[in-house]
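**Q** Under our numbering, think of the first position of the sequence shown as -9, with each following residue one higher. By construction, the Cβ of each residue, glycine as well, lies at the ideal position given by its N, Cα and C atoms. Only a predicted model underlies this, so the values are computations on that prediction, with no experimental measurement involved.
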Amino acid sequence: MKTLGEFLISDQKKHKESTGEFSAVIHALRLAAKVVNHEVNKAALVDIIGDYGKTNVQGESQQKLDVFAHELFIKALANRKIVCGIASEEADVFIDLQTNEEYNKSKYVVLIDPLDGSSNIDVNVSVGTVFSVYKRLSPIGSPLTAEDFLQKGTAQVAAGYVLYGTSTIFVYTSGNGVNGFTLNPAIGTFYLSHPNIKLPKTGSTYSINEANFATFPAAVKAYLKERKENDEKYTTRYIGSMVSDIHRNLFQGGVFLYPPNKKMPTGKLRLLYECNPIAFIVEQAGGKAISMGERIMEIEPEDLHQRSSFFCGNKEMIEVLEEHLKRG
Ligand code: P6P
């Protein structure tokens, strides 16, 4: 069974112009994922779970592991000097890593949610890391600008997630399909366990927090009503940790739905480092990913931490929802 490292080498050979920089970005993310995995797995044994006592730019209380993961991914990417900048859910503004002359050669920026679903950490529910990789737009060596990060999802060079669950799996795409690598914790190596992941043709699961039903858009209510009227076929599964819900739906089929509601009038999930990377993965696996009105990866970002409504999963199931959205 191929390791992630061997996979990257063979994948790199397919791109003759490749300089190995992209592989180095994935290597750095892989290293950080292993360390975060170690901490997540022993969190309850050391004083690292629970509240960090601060809030992030979203106004959400930062869990200690959130901050730990954020700092770790920054260190892993900065030390290798292969990424010039990072935008993170845990940081108000983007971080320009070009601290000295020697450094100013890298062309990639990374956008990351270091630990998504972190409110589940204290109750031992799976959490995940979500990341996007882009090429910078500004000249190499110049100071980074907001435009380097505010790129449409269609410009992603790569995207992926790490799920710290019953096993730890690293799933990513660089535009040629989706592959999953499971960590053997005994030797700290990720092995290609899920090659060429494809969504089943259709699904019968929908993942949504229906506590917000009263203020969902009418089209979403109609879509849900139709599912309930066909209860022999459909079931709901909602973990409250997006990476876990997405990962299950990738293999078993289904849709993940986070509509706008009264509390979150523009949706809850962040466009740049949650919706876009997951959308890239889902589309590469043969599915669809939309907001209330358009393909998620076509949305022109305006703010680093902007939120969006988010519906993704089986193409067939999303297209039924799109019909409802068109009717309004
Ligand atoms: P709600 C976790 O906080 C998260 O960002 C996603 O991982 C998850 O799918 C969603 O929010 C859960 O939100 O409003 O249903 O608790």
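Would you mind working out which of M307, A22, S194, T256 sits nearest T158, comparing C-alpha positions?
**A** Per the Cα distances, A22.
**Q** Name the two residues that bound the continuous alpha helix (DSSP H) containing G(-5).
**A** -6 to 3 is the extent of the alpha helix (DSSP H) around G(-5).
**Q** Classify S8: buried if its beta carbon has 16 or more other beta carbons within 10 angstroms, exposed otherwise.
**A** Exposed, since its Cβ has fewer than 16 Cβ neighbours within 10 Å.
**Q** Starting from P104, follow the beta strand (DSSP E) in both directions and report where the run begins and ends.
**A** Start and end: 98 to 106.
**Q** Locate the beta strand (DSSP E) running through A149, then write down its first and last residues.
**A** Residues 148 to 154.
**Q** Return the residue from the list G230, L140, F246, G43 that minimises the CA-CA distance to S109.
**A** The residue with the shortest Cα to Cα distance from S109 is G230.
**Q** What is the residue span of the alpha helix (DSSP H) that H17 lies within?
**A** Note, H17: alpha helix (DSSP H), 11 to 32.
**Q** Measuring only the C-alpha atoms, how far is I85 from T195?
**A** Distance between the alpha carbons of I85 and T195 is about 39 Å.
**Q** Could you spell out the range, first to last residue, of the alpha helix (DSSP H) harbouring A201?
**A** No alpha helix (DSSP H) holds A201; DSSP gives it neither H nor E.
**Q** Per the DSSP calculation, V245 is bridged to which residue(s)?
**A** DSSP, once it has assigned bridges, lists Y196, G303 as partnering V245.
**Q** How would you label I(-1), buried or exposed, when you count the other beta carbons within 10 angstroms and need 16 or more for buried?
**A** Answer is exposed; the Cβ neighbour count stays below 16.
**Q** Start and end of the beta strand (DSSP E) containing K223?
**A** No beta strand (DSSP E) contains K223, which DSSP labels as neither H nor E.
**Q** What does N86 pair with, by DSSP beta-bridge criteria?
**A** The sequence as given places Asp at residue 86; Asn does not occur at that position. Paired residue(s): G75.
**Q** What do you get for S116, buried or exposed, if any count of 16 or more other CB atoms within 10 angstroms of its CB means buried?
**A** Buried, since its Cβ has 16 or more Cβ neighbours within 10 Å.
**Q** Please confirm whether E137 and D103 have their CB atoms less than 8 Å apart.
**A** Not a contact, by the Cβ cut-off of 8 Å.
**Q** Identify whether Y228 lies in helix, strand or coil by the three-state DSSP scheme.
**A** In the structure shown, Y228 sits in coil (DSSP, three-state: anything other than H, G, I, E or B).
**Q** Quick check: the Cα distance between G318 and I280, rounded to an integer number of angstroms?
**A** Their backbone Cα atoms lie some 15 Å apart in a straight line.
**Q** Under the DSSP definition of a beta bridge, which residues are partnered with K125?
**A** BP columns for K125 point to Y98.
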